[in-house]
Amino acid sequence: MSASVDMTESPLPALRGRVQAGAALGATTWFRVGGPADWLVRPADADDLLRLLRRATLPITVIGAASNLIVRDGGVRGIVLRLARGFGDVEVEADGVVAGAAALDAVVAEHAAAAALSGLEFLSGIPGSIGGAVAMNAGAYGSEVADVLDWAEIATADGLFRVRAADLRLSYRRALLPAGGVVVRARFRAVPGDAEAIAARMAAIRESREATQPVRARTGGSTFANPPGHKAWALIDAAGFRGRVMGGAQVSEKHCNFLLNTGDATAADLEDLGEAVRAAVLAHSGVSLEWEIRRIGERSA
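Residue numbering for the sequence shown follows the numbering used here, beginning at 12 and increasing consecutively.
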C-alpha cells in the first residue's frame, strides 16, 4: 500500500495491495483528462480483492486499462478499483488461452499467435484489457468475445465464482455480470492454425487500425455503439460533425466515431461534444446513438 496512507484513518480494510488516497486518475486514461479518486485500490491478488469486496463500506467503481473511459472533472467518489499486478498472467493451453483480467487484449492475441492458435487475432485490434473485454463483450474486425469465451471467473462479496459464457448473456457490447461482480480471469477458445496465416491476419488488423483510426492521438476508442442497421461513424458524418470542435475536444477527421483531446480538453469538453453529436444525429437521421465509452464520476461544480 502507499506509504502516504494512514490506514487507521481509512474507511478501507487492511490490504496487501496498493492504496492511494486522492489519487489522480486523468493521467491513467487514454484521454488524459479527469479528476481524482477518493481512493484508488490495486489489490495484490484475488484474496486481497475478495477482502475488499466483502468489507468495503464505500461504493466501488471498477476500471481497466482506461482506454474506453472518460473520468469526469469532479473526480470519483468512493473507491476506484483497478486490477494490475497479480491479475495479468496469460496461460496458453492446447485449445485456448486463460488470461487474467489485467492482461491486455493485444498481449493475449500475441500469446495465442506465438503458440499457433487461431481465433483470437481480433483481440489485437481492441485497445483494452481482458476484464473490460469480457464485461462489455468487446469486438472488432468481425469477431467478439462472445464467439470465443468459455468462462469467466468473477469475484463478488460472496466469493469467487466461475461463470459459463452462456450465463453471462453476452450481447452487443454487454455482459450480465453478477451484482457487484469483478472479472478476475477468463478462458478463450482457440484452434490450432497456421502460424504464418495468424501473423498475417494480425498484421492486417494493425495496418487497418493505423489507416482508419487516430491510434496515436489522445482518444478513447469507439465513442458510440453502432445502432442496429447503421454505422455510428456514417451517421455522425452525415450529420456534418466530422472534425467538429468544442473547447479542446474534437470529432476525429480520420474516423468520426472517435473523440480527440487536442491537448487541453477537459472531460466536460469531451462529454459535451459527444452529447452535441448525439443531438445532431438524432435531428438528422432520427437515430439515437448510445455511448460506448464509459463515463464515471462527477462533473465539476
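Note that CB positions come from ideal geometry on N, CA and C, so glycine has one too.
Practice problem: Mark T19 as exposed unless 16 or more other C-beta atoms lie within 10 angstroms of its C-beta, in which case mark it buried. | Solution: In this prediction, T19 has a pLDDT of 46, which is less than 50 and means its spatial position is unreliable; what the coordinates show is noted afterwards. T19 comes out exposed.
Exercise. Out of G191, W50, A144, S154, state which residue places its alpha-carbon closest to the alpha-carbon of G166.
Key: Correcting the residue identity first, residue 166 is Ala in this sequence and not Gly. Out of G191, W50, A144, S154, G191 has the C-alpha closest to the C-alpha of A166.
Exercise. Label L181 either buried or exposed according to how many other C-beta atoms from any shown protein chain fall within 10 Å of its C-beta, with 16 as the threshold for buried.
Key: buried
Self-check item: Chain-order list of residues whose beta-carbon lies under 8 Å from that of E301 (same chain, five-residue window excluded)
Solution: F235, A236, P238
Practice problem: Determine the DSSP secondary structure at G196, reduced to helix, strand or coil. | Solution: Note on residue identity: the sequence assigns Arg, not Gly, to residue 196. Strand, per DSSP.
Quiz prompt | Pairwise C-alpha distance: G97 and W56 | solution = The identity of residue 56 in the sequence shown is Asp, whereas the question assumes Trp. C-alpha separation (whole angstroms): 5 Å.
Self-check item: Beta-bridge pairing of R229 - partner residues as DSSP gives them
Solution: N272
Exercise. Report yes or no: do the stretch 280-294 and the stretch 86-97 share at least 3 C-beta pairs separated by less than 8 Å?
Key: no
Quiz item: According to the Cβ coordinates, are V101 and V118 closer than 8 Å?
Solution: yes
Quiz item: Just how far apart, CA to CA, sit A215 and S129?
Solution: 15 Å
Practice problem: State yes or no: is the C-beta of A151 within less than 8 Å of the C-beta of G139? | Solution: no
Quiz item: Closest by CA to L64, which one among R43, L92, A76?
Solution: L92
Exercise. Taking all protein chains shown into account, decide if E164 is buried (16 or more other Cβ within 10 angstroms of its Cβ) or exposed.
Key: buried
Quiz item: Leaving out five residues before and five after L246 in sequence, what residues of the same chain have Cβ atoms less than 8 Å from its Cβ?
Solution: P238, V292, H295, S296, V298, L300
Exercise. Give the straight-line distance between the Cα atoms of L115 and G99, rounded to the nearest whole angstrom.
Key: 8 Å
Self-check item: Residues near V195 by beta carbon distance below 6 Å, same chain, minus five either side
Solution: A57, A112, E164, A166
Exercise. For E221, name the three-state secondary structure that DSSP assigns.
Key: helix
Quiz item: DSSP on I304, reduced to helix/strand/coil?
Solution: coil
Quiz item: In terms of residue numbering, what span does the alpha helix (DSSP H) encompassing W50 cover?
Solution: Not the alpha helix (DSSP H): W50 falls in the beta strand (DSSP E), residues 47-53.
Quiz item: Taking C-alpha atoms, which residue in L26, F199, L51 lies nearest to L61?
Solution: L26
Practice problem: Measure the CB-CB distance between A276 and A290 and report whether it falls below 8 Å. | Solution: no
Quiz item: Apart from the five residues just before and just after R217, which ones in its own chain have a Cβ nearer than 8 Å to its Cβ?
Solution: S135, G136
Exercise. Given a cut-off of 8 Å, decide if R229 and L80 are closer than it, judged by their beta-carbon atoms.
Key: no
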